[in-house]
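Worksheet: the structure to be examined is printed underneath.
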Amino acid sequence: MDPRVFRIAPELRRCAIITMVGFVFLTAVWFWVGYVVMEHSAIRAFAGAMIYLLISLSMIIPLRWAMRVSERGIERRWFKAWDFWSWEEFANGRLKKRAAITFVDPSRPWWRRSLRLDYLSTSDRKTIIQAINHHYQLPSAPAVPESLRGRYGFRRVADFDSNGVRLTSRGVTSQFPWDAVEHVRIRRFDPKRRDFMSLELRIAGQEVKFPLVEMKYGLSGIWGSGVSTVIANQFLLDHVPADRMAIDIVGERPVRLSEIEKQLNLARKNEKDIPKVYWFLGILIGTMNVLLALTETTRRVLMVAGVAEIVLFAPLLWLLPRELRNHTKQWETWLEEYRREHLSNV
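Residue numbers (numbering that gives the first Met the number 0): 0 to 345.
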């Protein structure tokens, strides 16, 4: 296997470059305000601008970040040095999968204990996860308790046991047998793991959602004390028929057509609405600057501040619709693929 180098996702790289350039400009703005407008000494004015320059220089770290995959394992670079993670460590159970796409080695120093794949693009992340899962050994299924409890909203509790599911919403309790569970959707960060990032159940026409439930060390904030999503996952697998369960992987096409259509509609809505929110905020900030321009000095400062806002926010207003369009196109592609595959099977 030839070594292959992966870098941060293109959208993150663009954000880092925009931040670097924008804060260099803010450094100059702050120095100008301190030296020319406030008439401070050059040293004092530059000292006040240093925080913006340091923020700009800090973007070198994500731009230098890289991950190299070879036949020996994975190497990660933060700035200059490479940190090595061998395939043997993935295979012998030493590394643990944690929330999001993170691998943790408890035996390492805290500053290099975690290996995160969040910074990669979806396609690169999928490639590396496939390479890892070729070696990774999934832990055995955990023992499950006789019952468990989860919170799915304010004053909303779901109790699970061998008899079924009991939902309590604002003091009103309803009992349902397992046969009343119409559908369960589990979303995982990758196929070879037992935890999940979200859980949705449809019980007798009711939607019960447990979003973003996994905490740093595998314990969930909405399940009972000591109950992880690994245990909750196994409990549901033991009690819900397989034909009523759908397991989706983050970044991949969902199993069910209804979910693809729902997410596509949401993506189209966001494509229309989110840019409007950003334009509204931009106009609001600009209006406030105009209203605050009461004196000649204030006008000069706010004029430069307005230019700084344009430098920072204009690229965002250009990139955001582009990213939203790409997101919508991805869901449209998945919908076409699903229909094509199922029409060919008819």
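Glycine is no exception: its CB is placed at the ideal position from the N, C-alpha and C atoms.
Contact defined as beta carbons within less than 8 Å: I believe residue i pairs with residue j. What is the distance between those atoms, to the nearest angstrom?
i, j, result
"residue 62", "residue 12", "7 Å"
"residue 160", "residue 146", "4 Å"
"residue 125", "residue 250", "6 Å"
"residue 183", "residue 175", "About 13 Å; that fails the 8 Å criterion."
"residue 26", "residue 51", "4 Å"
"residue 157", "residue 207", "6 Å"
"residue 82", "residue 88", "Not confirmed; about 12 Å, so no contact."
"residue 199", "residue 263", "No, residue 199 and residue 263 are not in contact; Cβ-Cβ is about 17 Å, not under 8 Å."
"residue 230", "residue 143", "6 Å"
"residue 232", "residue 279", "Their Cβ separation, rounded to whole angstroms, is 41 Å, which puts residue 232 and residue 279 out of contact at 8 Å."
"residue 58", "residue 15", "4 Å"
"residue 102", "residue 149", "Residue 102 to residue 149, Cβ: 26 Å. No contact."
"residue 46", "residue 34", "Their Cβ separation, rounded to whole angstroms, is 11 Å, which puts residue 46 and residue 34 out of contact at 8 Å."
Quick check on DSSP: helix, strand or coil for residue i?
i, result
"residue 180", "strand"
"residue 37", "coil"
"residue 346", "With the chain covering only 0 through 345, there is no way to say anything about residue 346."
"residue 216", "Because residue 216 carries a pLDDT of 39, less than 50, the predicted location of this residue cannot be relied on, and the following value inherits that uncertainty. It is coil, neither helix nor strand."
"residue 234", "helix"
"residue 7", "coil"
"residue 16", "helix"
"residue 208", "strand"
"residue 59", "helix"
"residue 194", "coil"
"residue 272", "helix"
"residue 44", "helix"
"residue 254", "coil"
"residue 229", "helix"
"residue 281", "helix"
Using DSSP bridges, identify the partner residues of residue i.
i, result
"residue 84", "73"
"residue 247", "186"
"residue 241", "Answer is none; residue 241 lacks a bridge partner."
"residue 95", "103"
"residue 202", "180, 205"
"residue 66", "5, 75"
"residue 327", "According to DSSP, which records beta bridges pairwise, residue 327 is partnered with nothing at all."
"residue 173", "166"
"residue 159", "147, 164"
I'd like to know if residue i contacts chain C, where contact means its C-beta is closer than 9 Å to some C-beta of that chain.
i, result
"residue 200", "Although the question refers to chain C, the structure presented lacks it and comprises just one protein chain."
Closer than 8 Å: is that where the CB of residue i sits relative to any heavy atom of the ligand NAP?
i, result
"residue 208", "This structure lacks the ligand NAP; in fact it carries no ligand of any kind."
Alpha helix (DSSP H) runs contained entirely in the segment 103–157, provided each spans 4 or more residues: Correct list: 121–132.
For the segment 96–106 against the segment 187–196, are there 3 or more C-beta pairs whose distance is under 8 Å? Contact between the segment 96–106 and the segment 187–196 is present: 3 or more CB-CB pairs across the two stretches fall below 8 Å.
Taking contact to mean 3 or more Cβ pairs, one atom from each stretch, closer than 8 Å, check whether the segment 254–261 and the segment 329–339 are in contact. The segment 254–261 makes contact with the segment 329–339, as at least three CB pairs between them are under 8 Å.
Inspect the CB distances between the segment 84–92 and the segment 130–145 and report whether three or more fall short of 8 Å. Taking a cut-off of 8 Å for Cβ pairs, the segment 84–92 and the segment 130–145 touch, as three or more such pairs fall below it.
I want to know whether the segment 63–82 touches the segment 98–118 - three or more CB-CB distances under 8 Å. Under the Cβ criterion (8 Å, minimum of three pairs), the segment 63–82 counts as touching the segment 98–118.
When you compare the segment 269–284 with the segment 316–331, are there three or more beta-carbon pairs, one atom per stretch, that lie closer than 8 Å? The segment 269–284 is in contact with the segment 316–331.
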